[in-house]
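Contents: one structure, followed by commentary.
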Amino acid sequence: MGMTLAEKIIASAAGVESVRPGDIHTVELDYLMSNDGTTHLTIDMYNKLAHPHIADVSKLVWIVDHNLPSDSVKTAASHKKMRDFAKQNGIAFYEGKGVCHQIMMEHHVRPGQLIFGADSHTCAYGALGAFGTGVGCTDYLYAMVTGKSWVLVPESLRFNLTGRLNPGVTARDLILTIIGRIGANGANYKAMEFGGEGLKTLTMSDRIAICNLCVEAGAKTALMEADEVALDYLAQRGRAPKHVFHADPDAAYAETYEIDMTEIVPVVAKPHFVDQVVPASQCLGTRIDEAFLGSCNNGRMEDLRAGAAILKGRKVADSVRFLVVPASGEIYRQALEEGLLKIFMESGAIVMNANCSVCWGSCQGVIGEGETLISTGTRNFKGRAGHPNSFVYLASAETVTASAVAGEITTADRLPKLED
Amino acid sequence: MAETFTARIWALGDDIDTDIVIPTEYLALKTVQDMTPYAFSPLRPELAAQIQPGDVIVAGKNFGCGSSREQAPEVIKALGVKAVIAGSFARIFYRNAINNGLLLIECPALCTDVQDGDEITVEVGKSITVGGRTYPIGALPENLLDIINAGGLVKAMRKRNGLD
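Protein sequences, first through last, are from chains A and B.
Note that the numbering used here has the first sequence beginning at 130, numbered continuously upward.
Note that the numbering used here has the second sequence beginning at 82, numbered continuously upward.
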């Protein structure tokens, strides 16, 4: 019996020939990523250990992105603890460079690696054929001290993509549609593996958006084979794969889904759950108070270009605060060079530094009682973006930007045409 | 011998996410103890004050979905909750709870059959009894039970290494 991508990477990290779902293996980890959401807790626990020790400091990457720049004395203290510890111990440290997962994709992740991140959206790394999974700070601490951890080999779900997305439809619409179909725990404890001819039509940015959101279906990880698109991305950044794995033709899947990408339409996930997915056309006219274009899911160049193309010659509605937050410093500079930030600012948008922003409901853009946000962020749980009695709709960069212009939920093709 | 205990329960629904367990705005508080008054506040602001040490939370499917924030199981533990019984658990929360010594039990049938204030008897690894009805439950592997009984992974490692 063959193996899935997830099984091959775990077997490699465990140093065994083959693994089966349900097996528990001790694995060597390639990277351990942690951000300012919980690193201070890890440091507190580390300092209480009888024999504090870091197994391999070159595997650690620490990134300040959740509350950046600090918004309170408490946050400043937490950042200082993280910054000082990283400096004392020689840990790779990023601050002000962008959202953790985007930085990991730009600078670290390589196909075939097994990576723990103290953040649930670590599954994004599957876009480069790496097994990324989210853990809490105790698991992180154990791996930091020993260099190892245990993993339960997950069953895999296979998604065969065919066709190509229609103009105006995005990878974000595709993955939200899939989550709507399988449900918020439809992939709990499982790996989501994507393949098929349709995958070749998707850019790296599309692939990151898809893999990143899989935890919203409960997935342990998301994986795509590192093909030409992925290897080109890697080569442009001067990195080589650790190992390019291919799923075996006779690999066993708990379930296989055929996804015809031509059938996907612009969608929104309604409050208060990511699987409450409906065609955007069913939410037309819903008034919004704030719009957010950014996050590790949808704050890349392709998203900013799509937003700017819609905004050029238009204005953000007076009743809307429109936050534009590039996912990394590199993207920010590129958007500046391409003139996108000028378009955003002239249209009335608020351009912020690269960080997690309102996607995690802290630091900036927090919404008040009874308010509604339309967002390219990762979650729309009750109270996620601020007051417990507020509402978050998730949608693509195109739909979010069009809605910011209209002051209510709409799609780009429904905006009044611009006169030449 | 398996541990048996009786507890009062609080019944919650499906998909209790980590932002409900402890909202982002309270994560900046200095200690987990400081966060306890705000546990479950987006859903039931009064609940944290009602929960007494030894109580049990019963919920539906996908308990703990969302963020990897370890403050979620920590705050439940800090409230004195003896165990969380749910139809299913999100996987990051599951690991985090065990690593913090919080007992988790999967029992899909229980959630729809109970309400706040019901008294249940749990025989760990065997069954749950409420109002004359008995529900079988699975046994946790010994090594995970050891971690829970020690109070979490760090404490279990200290014990194993002869430090406590």
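Just so it is clear, CB atoms sit at the ideal spot from N, CA and C, and this is done for glycine as well.
Rounded to whole angstroms, what is the Cα-Cα separation between residue i and residue j?
i: residue 404 of chain A; j: residue 397 of chain A; result: 10 Å
i: residue 452 of chain A; j: residue 85 of chain B; result: 53 Å
i: residue 92 of chain B; j: residue 156 of chain B; result: 17 Å
i: residue 389 of chain A; j: residue 135 of chain B; result: 51 Å
i: residue 408 of chain A; j: residue 393 of chain A; result: 9 Å
i: residue 334 of chain A; j: residue 139 of chain B; result: 40 Å
i: residue 204 of chain B; j: residue 196 of chain B; result: 20 Å
i: residue 154 of chain B; j: residue 177 of chain B; result: 7 Å
i: residue 420 of chain A; j: residue 530 of chain A; result: 7 Å
i: residue 236 of chain A; j: residue 182 of chain A; result: 26 Å
i: residue 158 of chain B; j: residue 228 of chain B; result: 14 Å
i: residue 132 of chain A; j: residue 231 of chain A; result: 29 Å
i: residue 181 of chain B; j: residue 232 of chain B; result: 6 Å
i: residue 534 of chain A; j: residue 547 of chain A; result: 13 Å
i: residue 298 of chain A; j: residue 528 of chain A; result: 9 Å
i: residue 526 of chain A; j: residue 100 of chain B; result: 24 Å
i: residue 113 of chain B; j: residue 425 of chain A; result: 28 Å
i: residue 260 of chain A; j: residue 159 of chain A; result: 10 Å
i: residue 197 of chain A; j: residue 402 of chain A; result: 26 Å
i: residue 428 of chain A; j: residue 207 of chain B; result: 49 Å
i: residue 437 of chain A; j: residue 423 of chain A; result: 13 Å
i: residue 217 of chain B; j: residue 448 of chain A; result: 55 Å
i: residue 135 of chain A; j: residue 282 of chain A; result: 8 Å
i: residue 413 of chain A; j: residue 325 of chain A; result: 33 Å
i: residue 551 of chain A; j: residue 476 of chain A; result: Because residue 551 of chain A is not part of the residues shown, which for chain A are 130 to 549, the question remains open.
i: residue 520 of chain A; j: residue 532 of chain A; result: 15 Å
List the residues that DSSP assigns as beta-bridge partners of residue i.
i: residue 300 of chain A; result: Beta-bridge pairing links residue 300 of chain A to no other residue.
i: residue 408 of chain A; result: A/396
i: residue 389 of chain A; result: A/291
i: residue 271 of chain A; result: Paired residue(s): none; residue 271 of chain A is not in a bridge.
i: residue 217 of chain B; result: B/208
i: residue 322 of chain A; result: A/287 and A/352
i: residue 359 of chain A; result: Looking at the DSSP assignment, residue 359 of chain A forms no beta bridge with any residue, so it has no partner.
i: residue 162 of chain A; result: A/190 and A/246
Are any of the Cβ atoms in chain A nearer than 8 Å to that of residue i?
i: residue 82 of chain B; result: Model confidence at residue 82 of chain B stands at a pLDDT of 44, short of 50, so the residue's coordinates are unreliable; what they give is reported in the following sentence. Judged by the 8 Å Cβ criterion, residue 82 of chain B is not in contact with chain A.
i: residue 147 of chain B; result: yes
i: residue 105 of chain B; result: yes
i: residue 48 of chain B; result: In the structure as shown, chain B begins at 82 and stops at 245. Residue 48 of chain B is therefore absent and cannot be evaluated.
i: residue 142 of chain B; result: yes
i: residue 93 of chain B; result: no
i: residue 195 of chain B; result: no
i: residue 233 of chain B; result: yes
i: residue 241 of chain B; result: no
Exposed or buried, which one is residue i when buried takes at least 16 other CB atoms within 10 Å?
i: residue 242 of chain B; result: exposed
i: residue 450 of chain A; result: buried
i: residue 82 of chain B; result: Any reading at residue 82 of chain B must be qualified, since the residue scores a pLDDT of 44, below 50, and its modelled position is unreliable; no value is offered.
i: residue 130 of chain A; result: exposed
i: residue 195 of chain A; result: buried
i: residue 349 of chain A; result: buried
i: residue 148 of chain B; result: buried
i: residue 104 of chain B; result: buried
i: residue 202 of chain A; result: exposed
i: residue 444 of chain A; result: exposed
i: residue 457 of chain A; result: buried
i: residue 250 of chain A; result: buried
i: residue 145 of chain A; result: exposed
i: residue 213 of chain B; result: exposed
i: residue 189 of chain B; result: exposed
Closer than 8 Å, CB to CB, is residue i near chain B or not?
i: residue 318 of chain A; result: yes
i: residue 526 of chain A; result: no
i: residue 491 of chain A; result: yes
i: residue 517 of chain A; result: yes
i: residue 229 of chain A; result: no
i: residue 254 of chain A; result: no
i: residue 313 of chain A; result: yes
i: residue 167 of chain A; result: yes
i: residue 271 of chain A; result: yes
>> Pairs of beta-carbons, one from the stretch 462-475 of chain A and one from the stretch 190-210 of chain A, closer than 8 Å: are there three or more?
In response: no
> Are at least three pairs of beta-carbons, each pair with one atom in the stretch 369-384 of chain A and one in the stretch 482-501 of chain A, less than 8 Å apart?
Replying inline: no
> Contact between the stretch 281-297 of chain A and the stretch 139-148 of chain B: three or more CB pairs below 8 Å?
Replying inline: no
>> Within 8 Å, do at least three Cβ pairs link the stretch 209-223 of chain A to the stretch 184-192 of chain A?
In response: yes
> Does the count of Cβ pairs from the stretch 373-381 of chain A and the stretch 536-547 of chain A closer than 8 Å reach three?
Replying inline: no
> Are the stretch 351-367 of chain A and the stretch 265-279 of chain A in contact at 8 Å, needing three or more beta carbon pairs?
Replying inline: no
> Can you find at least 3 beta carbon pairs, one from the stretch 330-344 of chain A and one from the stretch 151-158 of chain A, that sit closer than 8 Å?
Replying inline: no
> Would you call the stretch 472-491 of chain A and the stretch 505-519 of chain A touching, i.e. three or more CB-CB distances under 8 Å?
Replying inline: yes
>> When you compare the stretch 115-125 of chain B with the stretch 166-176 of chain B, are there three or more beta-carbon pairs, one atom per stretch, that lie closer than 8 Å?
In response: no
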